[in-house]
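Last residue of the sequence shown: 808 in my numbering, with the numbers rising by one and none dropped.
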Amino acid sequence: MITKEQLKRCKHPRGQIIFYLTAIPIILSIVIFLGWWAISPSSLKNIVSTQVITQDAIVDLVSDDDGGEQLQKDVDMELVDVLRNDILVPLVASPITPILIMILFILLIVAIVGKTYGDSLGNGVKLSKKQFPAVYEMFDEMAKEINLSKTPDIILMNGNGTLNAFACTIPMVRDAVVIYSDIFERCLATGDMQTLKFILGHELGHIKFKHTKWWYRFLTMPMDLIPGVNYIFARALSRANEYSCDKLGAKFSGDTSGKSLLILSAGKHNYQDIDLEEYMQLHDKKSIWVTISNFFMDHPINSWRIIAIAKGHHGGLWFRKK
Ligand SMILES: [Zn+2]
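Have a look at this one:
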């Protein structure tokens with residue numbers, strides 16, 4: 487059993503604070519905006535009717551490009567008045583409308599995260615006690631070790647050469663870990679259960695640390711959609727999460743060198759032939775270009791991830807950690 491204290495130590499120390507820096511402005515913006523909308527519908531109504539839903543804007547919306555005849559224009563203006571004054575302005579100014587918009591937005595997030603699960607389940611192969619039983623039982627055991635209330639689904643998917651795995655969820659129903667076939671078949675063929683365990687452990691980390699929850703996505707996604715700001719907060723948060731899950735993967739697998747991650751750098755046929763000592767000497771160096779590359783990525787530079795495990799520290803989010 488992996489204790490709560492051990493799980494806590496896996497978490498990147500900067501992760502929590504960046505999460506708050508990402509989520510709190512979103513929560514505050516929503517609360518202030520909804521509050522203003524709810525308690526001051528008349529001022530909003532005024533702004534909406536004079537600056538947003540103007541008569542010209544509605545005319546542009548409903549009329550033909552070429553303008554049309556005078557008669558057509560009269561009919562259009564009647565329609566414009568009804569649309570504007572009787573439907574759009576009261577609707578936008580209603581205190582219920584922002585709540586409906588929020589509900590729709592949450593449902594959209596739920597649909598997006600649920601769709602990823604649906605895609606994987608529909609196109610992949612679900613492991614079970616009869617389908618790759620050894621891996622399933624190992625995974626089931628791992629889920630129990632971190633005290634997950636329900637063992638997530640484990641789904642094997644054709645990666646078409648891509649080496650990847652990820653965690654996803656159906657909100658409030660179940661979680662899943664998806665592993666691509668190239669990693670899976672190579673680990674089984676060579677009996678490299680340590681790498682397989684590391685990868686599955688890393689993905690279970692995303693579930694355990696709640697990175698796949700709909701509310702987590704809801705609170706962090708907006709910052710990721712703002713160009714420029716996304717590199718400051720959302721990408722750094724994502725990198726912190728990756729380091730946290732690497733720690734759990736290492737804990738599960740007993741890999742203290744980070745060599746399991748070499749499969750992502752050297753490929754499935756070469757990763758076991760890499761001289762780790764030489765790799766560390768060549769890669770554990772300062773490089774401004776690597777730092778720049780890392781800044782734009784949602785996963786840390788792979789060598790930084792490997793070195794973080796080998797040195798037993800939490801990797802640098804923006805700069806290489808010695
Ligand atoms: Zn990850």
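From the three backbone atoms N, C-alpha and C, an ideal C-beta is built for every residue, glycine too.
Taking C-beta separations shorter than 8 Å and ignoring five residues to either side along the sequence, the partners of residue 577 in its chain run 583, following chain order.
With fewer than 16 other Cβ atoms from the protein chains shown falling within 10 Å of its own Cβ, residue 514 counts as exposed.
In the DSSP assignment, residue 660 forms a beta bridge with 656.
Contact check for residue 723 against residue 504 passes: the beta carbons are separated by less than 8 Å. Less than 8 Å divides the Cβ of residue 734 from the Cβ of residue 687.
With contacts defined as CB atoms closer than 8 Å, residue 600 and residue 638 fail to qualify as a contacting pair. Taken through DSSP and simplified to helix, strand or coil, residue 803 comes out as coil.
Linking residue 488 to residue 655 through their CA atoms gives a straight-line distance of about 23 Å. Taking each of 766, 588 and 744 in turn and checking the Cα distance to residue 517, the smallest one comes out for 588. The beta carbon of residue 708 sits closer than 6 Å to those of 512, all from its chain and outside the five residues before and after it, given in chain order. Going by C-alpha positions, residue 586 is about 11 Å away from residue 520. Three or more beta-carbon pairs separated by less than 8 Å link the segment 764-773 to the segment 787-802, which places the two stretches in contact.
Inside the segment 713-763, DSSP marks whole alpha helix (DSSP H) runs of 4 or more residues at positions 715-718, 720-739 and 748-752, from first to last along the chain. A distance below 8 Å between beta-carbons, with the five flanking residues on each side excluded, links residue 737 to the following residues of its chain, in chain order: 488, 492, 496 and 687. By the beta-carbon neighbour count (other beta carbons within 10 angstroms, threshold 16), residue 663 is buried. For residue 640, the enclosing beta strand (DSSP E) stretches over residues 639-643.
Relative to the non-hydrogen atoms of ligand 1, the Cβ of residue 731 comes within a distance shorter than 7 Å of at least one. In this structure residue 635 is exposed. Its beta-carbon is surrounded by fewer than 16 other beta-carbon atoms within 10 angstroms. Distance from the CA atom of residue 542 to the CA atom of residue 570, rounded to whole angstroms, is 11 Å. In the displayed model, residue 490 falls within a helix according to three-state DSSP. For the 8 Å CB-CB criterion, residue 670 and residue 642 form a contact.
Burial state of residue 498 is buried, judged by a 10 Å Cβ sphere holding 16 or more other Cβ atoms.
Residue state for residue 632 is assigned as coil, using DSSP reduced to three classes. Not a single heavy atom of ligand 1 lies less than 7 Å from the C-beta of residue 498. Taking the Cβ of residue 688 as the reference point, at least one heavy atom of ligand 1 falls within a distance shorter than 7 Å. Taking the Cα positions, residue 581 is about 51 Å away from residue 750. For residue 502, the enclosing alpha helix (DSSP H) covers residues 501-525. One thing to note: residue 629 has its Cβ no nearer than 8 Å to the Cβ of residue 689.
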